[in-house]
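Each remark here refers to the structure printed beneath this line.
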């Protein structure tokens, strides 16, 4: 494939065509046959997965640029894209019944979901500040609208407003940072920026501007990742959005945010690692502290999981900031692969946990309070068992994948000589284990409020079980996934 | 060295900042909108200084000519009470200004000693150089990908706006053209044969 071939972007092209086709087709589908549109969306995802596999096979994992260097296809982008397809497909299956019950399963939801995925894919394959920013805006715009889709709920609309205003502010910060870096290097292409920085001396004027821009860049990035001190939107948005949309926000976009961090900081600004690692260290420690401590005080499950997200993203940052030690990046691939493993596992855990809330909700009933889980074991032992695996994995109890993810990140941190950071991370993980284990206690040792059996169709229950089991399998046999992450990072 | 262009730049920059500040502090919403027009206008003047004529003209045409006129209409017609929306604005303004000034001072402190080193000025261009042509060439070749993405973002904006605002009211009445076209005479007109009046 030549550099100007459009073939590497085959998945994006398929998705764009598919989303537009879905938008038109859906106009002719009656409300009671909305399942057809859902199946069509799953078909589009399948086609994209085939497209990505084809490109991966065609390029043999080589780095391929396209669209004049605005687009890059490497193994990391392929792996993250495949992960995003699975996460979005899971979100579709999990949320179908919930949305049907509430009259929200309209064509617009599916269209916006697919366009959001397109935004994520553009971010994962961005090799220019311009395409990265456009992908981010595409993703965010879809998410803002999806949060507000339930127009009759004042809480949803308020959450969407907060998300929109703060998101616009963060985009402004990010753009300001990018403009400074453009000013210092004279290029928007990430590989070119990296090359230019290599030629600058540390006390040149341009270098001052680079670091100045970097501060704003990291601030914008921290907002999108949802780490302290740019985390204020997360609890309100997670709680206010319909649970199905919370599931969407809490899963696949994290992969895109990770890709964005890698593209900006590692691909573009690795030479400034000494500067951004310090900023990430502060954000990581604060996120783990505030996320875990605030989650204990929550009685609302969605809000609790929101604070848990903040803590987990803080933990993931530990992997990103342990790559370069004193200008030497021998450990970099290990550390970044650990962070990637962490974020992939986190997406699986988050999708499962919110999927569980969707399973336990029914028409006219939202399962979102802690006490709604009381005595779940008496109502449905298997559901309770899956939930227990999810909670153990979030808490980082062996032999689940959450444990191995934490272990990999911690060993990268220790290898980088940041022992105190590792100690802080372990202490806050222990504190955090309390609120995950409290859920297990509620499910197994408390009396249920009612004994209604758990509903949910076969496909949903099967996928949720597979989701829980996958966390066990990746916990016991982490090596294949870890190897994939390592190859993906190596391909950068 | 201070030349005429620099003086003009600082003049426009000062007007731009001042009018932008008035957009958020003006009590009358119509005044705020008009200050926004002034801000756009000065921004386009600064672009002219950078020799980006096409962008400057587009900014005036699109934002001042279309968007702001629409905006003014809405502001005038809706009769929104901005003062009520801005409750707390004046109360928090001193604190906000203090924090903003502190941040600006810190940013200035980082960059101040260095800024003079970056006195890059736009190159003198050939007389037949066309900004518009260059822009068109770039958008449709080098940046075609970004251009397409911007189009997708606009599409999403349309979908989102319709999804969030369109409400089908149950009691609204509408015409269905296909039904109207299908109507035959027999559906509407009933011919009744009546005996003729004998006594006429």
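Chains as they are written, first to last, in the working numbering: chain A, 1 to 492; chain B, 1 to 200. All C-beta atoms in this analysis are idealised placements derived from N, C-alpha and C, irrespective of residue type, glycine included.
Assign residue 78(A) to one of two classes, buried (16 or more other C-beta atoms within 10 Å of its C-beta) or exposed (fewer than that).
The residue is buried, with at least 16 neighbouring Cβ atoms inside 10 Å.
Would you kindly work out how many angstroms separate the C-alpha atoms of residue 137(B) and residue 116(A), rounded to a whole number?
Each residue's Cα considered, the two are about 29 Å apart.
Runs of alpha helix (DSSP H) wholly within the segment 292 to 351 of chain A (minimum 4 residues, chain order)
Annotation: the segment 292 to 351 of chain A contains the following complete segments of the alpha helix (DSSP H) (minimum length 4 residues), in chain order: 301 to 320.
Determine the direct distance from the alpha carbon of residue 406(A) to that of residue 389(A), and round the result to whole angstroms.
If I take the Cα positions, the gap works out to 16 Å.
Whole-angstrom C-beta distance between residue 345(A) and residue 287(A), which should lie under 8 Å:
About 17 Å; that fails the 8 Å criterion.
is_contact[residue 117(B), chain A] using C-beta, thresh 9 Å
Caution applies to residue 117(B), whose pLDDT of 49 falls short of 50 and renders its modelled position unreliable; the value that the coordinates give is listed next. A Cβ of chain A is located within less than 9 Å of the beta carbon of residue 117(B).
Just to confirm before moving on: does the CB-CB distance between residue 27(A) and residue 110(A) stay below 9 Å?
Contact flag unset, no.
Just the chain B side, please: which residues come within less than 8 Å of residue 148(A) by C-beta, in chain order?
Residues of chain B passing the Cβ test: 164.
Taking buried to mean at least 16 other C-beta atoms within 10 Å of its own C-beta, is residue 195(B) buried or exposed?
A residue is called buried once 16 or more other Cβ atoms fall within 10 Å of its Cβ, and residue 195(B), having fewer, is exposed.
Taking Cβ-Cβ distances shorter than 7 Å, what residues in chain A pair up with residue 24(B)?
The contacting residues do not exist; residue 24(B) stays about 14 Å from chain A at best.
Alpha-carbon to alpha-carbon, residue 44(A) and residue 19(A)
Approximately 8 Å between the Cα atoms of the pair.
Should residue 46(B) and residue 12(B) be called a contact, given that it needs their Cβ atoms to be closer than 9 Å?
Against a cut-off of 9 Å, the Cβ pair of residue 12(B) and residue 46(B) comes out as a contact.
Under 8 Å Cβ to Cβ from residue 470(A), same chain only, skipping five residues before and after it: list those, please.
Cβ within range, chain order: 348, 401.
Spatial distance of residue 161(B) from residue 63(B) (CA atoms):
If I take the Cα positions, the gap works out to 20 Å.
Tell me whether residue 454(A) sits in a helix, a strand or coil according to DSSP, three-state version.
The answer is coil: DSSP assigns residue 454(A) none of H, G, I, E or B.
Taking 9 Å as the CB-CB limit, is residue 143(B) close to chain A?
Taking 9 Å as the CB threshold, residue 143(B) lines the interface with chain A.
If we call anything under 9 Å between Cβ atoms a contact, is residue 237(A) one with residue 306(A)?
Contact flag set, yes.
Could you tell me which residues DSSP pairs with residue 126(A) in its beta bridges?
DSSP lists 71(A) as partners of residue 126(A).
So is residue 92(B) buried or exposed if we call it buried at 16+ other beta carbons inside 10 Å?
Counting every other CB atom within 10 Å of its CB across the protein chains shown gives residue 92(B) a total below 16, marking it as exposed.
Do residue 255(A) and residue 124(A) have their C-beta atoms within less than 9 Å of each other?
Yes, Cβ-Cβ distance for residue 255(A) and residue 124(A) is below 9 Å.
Can you check DSSP and say which residues form a bridge with residue 64(A)?
Note: residue 64(A) sits in a beta bridge opposite 73(A).
Using a Cβ-Cβ distance under 9 Å, would residue 534(A) count as near chain B?
Residue 534(A) lies beyond the range of chain A shown here (1 to 492); nothing can be said about it.
Give a yes or no on contact between the segment 372 to 388 of chain A and the segment 417 to 432 of chain A, applying the rule of three or more CB pairs nearer than 8 Å.
Counting Cβ pairs under 8 Å, fewer than three are found: no touch.
What in chain A is Cβ-close to residue 146(B), meaning under 7 Å?
Those within 7 Å of residue 146(B) in chain A are 70, 130, 131, 134.
In terms of alpha-carbon separation, which member of 472(A), 310(A), 363(A) lies closest to residue 387(A)?
Taking only the C-alpha atoms, the option nearest residue 387(A) is 472(A).
In chain order, what residues of the same chain have a beta carbon less than 7 Å from the beta carbon of residue 436(A), not counting five sequence neighbours either side?
A distance below 7 Å between beta-carbons, with the five flanking residues on each side excluded, links residue 436(A) to the following residues of its chain, in chain order: 391, 394, 395.
What residues are listed by DSSP as bridge partners for residue 495(A)?
Nothing about residue 495(A) can be reported from this structure: the residues present for chain A run from 1 to 492 only.
Proximal residues to residue 117(B) (C-beta, below 8 Å), its chain only, five neighbours per side dropped
Only weak support exists for where residue 117(B) lies, its pLDDT of 49 falling under 50; the value from the coordinates is given anyway. For residue 117(B), where only same-chain residues beyond five positions count, there are no Cβ hits under 8 Å.
Listed in chain order, which residues of the segment 70 to 95 of chain A have Cβ atoms closer than 8 Å to some Cβ of chain B?
Listed by position, the residues of the segment 70 to 95 of chain A near chain B (Cβ gap below 8 Å) are 70, 71.
List the residues of chain A whose Cβ lies closer than 8 Å to the Cβ of residue 149(B), in chain order.
122, 131, 134, 135, 138, listed in chain order.
When you check each C-beta in the segment 37 to 55 of chain B against every C-beta of chain A, which residues fall closer than 7 Å?
Listed by position along the chain: nothing, the set is empty.
Taking C-beta pairs closer than 9 Å, name the residues in chain B that residue 142(A) reaches, listed in chain order.
For residue 142(A), the chain B residues whose C-beta falls within less than 9 Å of its own C-beta are 156, 159, 160, listed in chain order.
Determine the direct distance from the alpha carbon of residue 177(B) to that of residue 488(A), and round the result to whole angstroms.
Distance between the alpha carbons of residue 488(A) and residue 177(B) is about 57 Å.
Below-9 Å beta-carbon distance, residue 153(B) vs any chain A residue
At least one chain A Cβ lies under 9 Å of residue 153(B).
Tell me, which residues are paired with residue 189(A) by DSSP?
Under DSSP, the beta-bridge partners assigned to residue 189(A) are 128(A).
Identify which residue in 13(A), 86(A), 62(A) has its Cα closest to the Cα of residue 464(A).
From the listed residues 13(A), 86(A), 62(A), the smallest Cα separation to residue 464(A) is found for 86(A).
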